[in-house]
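Undergrad:
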Amino acid sequence: DAGVIQSPRHEVTEMGQEVTLRCKPISGHDYLFWYRQTMMRGLELLIYFNNNVPIDDSGMPEDRFSAKMPNASFSTLKIQPSEPRDSAVYFCASSSRRHTQYFGPGTRLTVL
Amino acid sequence: AQSVTQLGSHVSVSEGALVLLRCNYSSSVPPYLFWYVQYPNQGLQLLLKYTSAATLVKGINGFEAEFKKSETSFHLTKPSAHMSDAAEYFCAVSHSGGSNYKLTFGKGTLLTVNP
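Top to bottom, those sequences are chains A and B.
Position 40 (the first sequence) corresponds to 58 in the numbering used here; numbering is contiguous.
Position 35 (the second sequence) corresponds to 37 in the numbering used here; numbering is contiguous.
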């Protein structure tokens, strides 16, 4: 199994630009989670999906952030417009009903 | 609501010494508990998990953790530290019932292993 795949691994952009992060969960997993990790705030859950439907987006910081899951094998997290305080490592994780979440390698986002 | 407290943001041990990383949880229902490890510039990797079976859980790389309900603790141990154990370790909790599969993570403990 290839595990959770995220792209890009690194993204450097300028303030005001749109950023799209991508995730492919493990085949057969019906839960998908987006996290953000920073030194100041640690690991924060942004949003999670079950069977492609958003269940809890209470962690999404503001309207500039949006996430979609058009099918069982693909999800995106979009930031528009991006700001320097969005700089962080963004992780995607997936799981089945067994609770264990499997994490991708992360996307390191730098907004200048 | 559920929460996790990891005591000590940084733990330093000598190679060959005992590793003890502390985790206390708060949960209104029987919890599922997890330890994850994060090596530099990598994602989180599952070390072990407790899901209401045996209270002593063995994981990968020689780590184990014991669930103590009376102390609301799930401390991670390894008898003899290796240089390759240097990483950040996260304790996490989720609900055992219903369909709530959210994980709540602690702030993490950075483990340094000295030669």
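By construction, the Cβ of each residue, glycine as well, lies at the ideal position given by its N, Cα and C atoms.
Tell me which residue opens and which closes the beta strand (DSSP E) that V22 (chain A) is part of.
TA: Element bounds for V22 (chain A): n/a, residue is neither H nor E.
Undergrad: Within the segment 25-89 of chain B, note down every full beta strand (DSSP E) run reaching 3 residues or more, in order along the chain.
TA: With a minimum length of 3 residues, the continuous beta strand (DSSP E) runs that stay inside the segment 25-89 of chain B are 33-40, 46-52, 58-60, 66-70, 75-80.
Undergrad: I want to verify the contact list: residues of chain A whose CB lies under 7 Å from the CB of G61 (chain B), in sequence order.
TA: Simply none; closest approach about 12 Å.
Undergrad: Touch check for the segment 48-57 of chain B and the segment 12-19 of chain B: three-plus C-beta pairs under 8 Å?
TA: Too few Cβ pairs lie closer than 8 Å, so no.
Undergrad: Would you report the Cα separation of F109 (chain A) and K70 (chain B), rounded to the nearest angstrom?
TA: Whole-angstrom Cα-Cα distance: 30 Å.
Undergrad: Going by Cα to Cα distance, which pick from A:H117, A:L130, A:V22, A:V107 is closest to Y53 (chain A)?
TA: Checked all of A:H117, A:L130, A:V22, A:V107; the closest Cα to Y53 (chain A) is A:V107.
Undergrad: Out of B:W37, B:L20, B:P33, B:P32, which one is the CA nearest neighbour of T111 (chain B)?
TA: The candidate whose alpha carbon is nearest that of T111 (chain B) is B:W37.
Undergrad: Quick check on S11 (chain B) - is its C-beta less than 8 Å from some C-beta in chain A?
TA: Output row for S11 (chain B): interface = no.
Undergrad: How about F121 (chain A) and G45 (chain B): do their beta carbons lie closer than 8 Å?
TA: Yes, the pair counts as a contact, with Cβ atoms nearer than the cut-off.
Undergrad: Consider the Cβ of L127 (chain A): report whether some Cβ of chain B lies at a distance smaller than 8 Å.
TA: So, not an interface residue.
Undergrad: Out of B:A3, B:L105, B:P33, B:E66, which one is the CA nearest neighbour of Q24 (chain B)?
TA: Before going on, a small fix: residue 24 (chain B) reads as Arg here, not Gln. Of B:A3, B:L105, B:P33, B:E66, the residue nearest in Cα terms is B:E66.
Undergrad: Counting only the same chain and skipping the five closest in sequence on each side, list residues whose C-beta sits under 7 Å from that of A89 (chain B).
TA: V39, Q40, Y41, L113, listed in sequence order.
Undergrad: Run the CB neighbour count on P33 (chain B), radius 10 Å, all protein chains shown included, and call it buried at 16 or more, exposed below.
TA: So P33 (chain B) counts as buried.
Undergrad: Interface residues of chain B around D49 (chain A) at Cβ under 9 Å?
TA: In the sequence under discussion, the amino acid at residue 49 (chain A) is Tyr, which differs from the Asp named in the question. Within 9 Å Cβ-Cβ: Y103.
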